[in-house]
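Residue numbers (the working numbering), protein chains in the order written: chain B, 137 to 306; chain V, 2 to 238.
Positions of the beta carbon are idealized from the N, C-alpha and C atoms, including for glycine.
Right, one structure below, let's go through it.
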Amino acid sequence: MTEQNDHGAGGEMADATPEERAEAERLRAELDSLDRDVALLRPSDDARLASELRAAYTPRAIEDGAHDALVGKVLGRAKAKDRHRTRRQIITFAAACAAAAAAAIIYRAPRPVDEDGERSLPEMRVARSAAPMLGARDTLRAGTAARVDRIAMARRDDWRQNRYATWGVR
Amino acid sequence: MCVVVGVEAALEVWALFGMAADAPDDHATERALVARAQRGDTEALSELLTRHGPTLYRSVLLPRLGSDASARDALSETYEKVLTRIGRFRWQGVGFYPWLRTVALRVALDHLRRRKRTVIWDTDAVTREIDNVSQSTPIDERLSRSRDLEASRERVRAALDRLNPRYRAAIQLRVLEERPRDEVAEAMGVTPATFDVLLHRALKALRRTTQAEPGLGDGPSSTTNPEGGPTPEDDRR
C-alpha cells in the first residue's frame, strides 16, 4: 500500500467521523486567525496546543508600545503607593502631635478659679477618727480582726475617692 | 549532527566574545542604573526594565507559559517583584539580566502551578532550571539569553520526535513554520480538507503522548516508542 493510499483522501481520512471533521474545520479557522495574529477568545484544545508550540518554537517579541505601557503601569502604581504611604505617615504624625498638644494643654491648664480669686479645690474626704466605728454595736460584737478589716476598708475607700477627686473623674 | 553542534558552539563563543568586548562600558552603565534604582530612582529602574524586559518576555516567559496573555501577566508580576526586591540585588559582575531572569522563572513557575500544565514546559522542568541557576558560572549566565530560546526549541523537537513522521511533518510545516495550509497539503500529497483532519489528529496524538509521558526535553525515554507513541493505526480510530 502506498503512502498516498494510506494517507490520501481515499485512505486514512476516509474514516474521519463527522465530529472529527468539524473539529478539524474549527482548527483550520483558528489557525487562520493565529496566522493573522488575531487572539482567540475560547480556543479549542488543538488551537491552544498550536499556540503553545508556536510560542515555544518561534516566540514573538512584545510590541514596544505594549511593553512601555506595562512598565509605566507598574511604576505608576508604585509611585501612587509611595504617595499614599507618605500621606498616611503625615496624617499619623499630625494626629499624634495634635493628641500630644491636647494632653499638654489639659495637663497645664489652670484650675477653675472661684469668684474671690481662690483656686477651687475638689471636695476631699477629710481624715476622720475610727472611734465611731469601734463603738458601733455590730463592731463590738465582732472580733478584733473584723474591726481592723472594717477600718482598713473605710480608709481605702476614702483614699480612692480622694484620688478620683484629684484627677477630676469623680 | 556534529557540524550543527560545532556551529552552535562557535556561535556561543562568538556571542561570548561579543559580550566581552562591549561588556565594560555596558556593565558600568548598568551598574550605575542599578545603584540609582536601589536608591528609589524609578527612571533608572524603568530604563533597566526597558533594556531587558523584551528579551525576558520572548526568551523566558512566552515559551514557558505558551500564550501572550499569560506571558504579559507574568511580566507585569515580575516587574512588581523587582520593584520590591531590587534592594536585595548584589552586583556579581554578570549584569542585571541573570537576576531578572531568575525572578521571572519563579513567577513563571507560580503561573504553571496555578493552572493545567502546558505541553512543552511543566513545573518540574522550570524548577530544575531555577535550581541550575544556583550552580551556574558567570559564563553560563551571560549565555542564558541565547540558550533559553534554544532550550525551548529543543523541547518542541523532543516532543515532535515522539510522533510518527507524517504527523511530525504536518505540525512542523503548518504550525511551527507557519506555511500556508494549501501549500503544506500539496507538499504532503493530500487535499486541504484531508490535511485539516491529519493536523487535528497529529495535535491530538501529541497531546496524548505528552500527557502520558511528561518531562519533554529531558532526553529520550527508554520506554517510549521511538516511532512516536500512537501509531497511525491508533489515530485512525
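Are residue i and residue j close, meaning C-beta to C-beta below 7 Å?
| i | j | result |
| --- | --- | --- |
| V/Leu63 | B/Pro195 | yes |
| V/Arg163 | V/Thr210 | yes |
| V/His112 | V/Leu66 | yes |
| V/Phe90 | V/Glu31 | no |
| V/Ala105 | V/Thr79 | yes |
| B/Ala186 | V/Val176 | yes |
| V/Leu46 | V/Ala36 | no |
| V/Ile121 | B/Ala192 | yes |
| B/Leu163 | V/His201 | yes |
| B/Leu206 | V/Ser60 | no |
| V/Ala1 | V/Ala75 | The structure shown does not extend to residue 1 of chain V, since chain V is modelled only from 2 through 238, so no value can be given for it. |
| B/Ile287 | B/Ala267 | no |
At a Cβ threshold of 7 Å, is residue i touching chain V?
| i | result |
| --- | --- |
| B/Leu211 | yes |
| B/His220 | no |
| B/Ala235 | no |
| B/Val305 | no |
| B/Ala214 | yes |
| B/Arg310 | An answer regarding residue 310 of chain B cannot be provided, because it is not within the stretch 137 to 306 covered by chain B. |
| B/Gln297 | no |
| B/Ala152 | yes |
| B/Glu159 | yes |
| B/Tyr193 | yes |
| B/Val223 | Contrary to the premise, residue 223 of chain B reads as Arg rather than Val in this sequence. It does not: the Cβ of B/Arg223 has no partner Cβ on chain V nearer than 7 Å. |
Would you say residue i reaches chain B, if we count a Cβ-Cβ gap shorter than 7 Å as a contact?
| i | result |
| --- | --- |
| V/Ile121 | yes |
| V/Glu81 | yes |
| V/Tyr168 | no |
| V/Arg86 | no |
| V/Leu174 | no |
| V/Asp149 | no |
| V/Val127 | no |
| V/Ala22 | With a pLDDT of only 45 at V/Ala22, under the threshold of 50, the placement of this residue in the model should not be trusted; the figure read from the coordinates follows. No, its Cβ sits nowhere closer than 7 Å to a Cβ of chain B. |
| V/Arg154 | yes |
| V/Leu1 | Residue 1 of chain V cannot be examined here, being either before or after the span of chain V that is shown, 2 to 238. |
| V/Asp74 | no |
| V/Ser71 | no |
So does residue i have its beta carbon nearer than 6 Å to some heavy atom of the ligand MN?
| i | result |
| --- | --- |
| V/Arg180 | Summarising the ligand content, the structure contains no ligands, and the ligand MN is consequently not present. |
Check the Cβ-Cβ distances between residue i and every residue of chain A, and say whether any is below 7 Å.
| i | result |
| --- | --- |
| B/Ile198 | Absence of chain A from the displayed structure is noted, the protein chains being B and V. |
Residues, ordered as in the chain, of the stretch 174 to 191 of chain B that lie near chain V by beta-carbon distance below 8 Å
Ala175, Asp181, Asp182, Arg184, Leu185, Ala186, Ser187, Glu188, Leu189, Arg190 and Ala191
At a CB distance below 8 Å, what residues from the stretch 32 to 57 of chain V approach chain B? Give them in sequence order.
Thr43, Leu46, Ser47, Leu50, Thr51, Gly54 and Pro55
List, from N- to C-terminal side, the beta strand (DSSP E) runs of 3 residues or more that fit wholly inside the stretch 149 to 186 of chain V.
none
I'd like the ranges of any alpha helix (DSSP H) spanning at least 4 consecutive residues and lying wholly in the stretch 46 to 105 of chain V.
63 to 66 and 69 to 86
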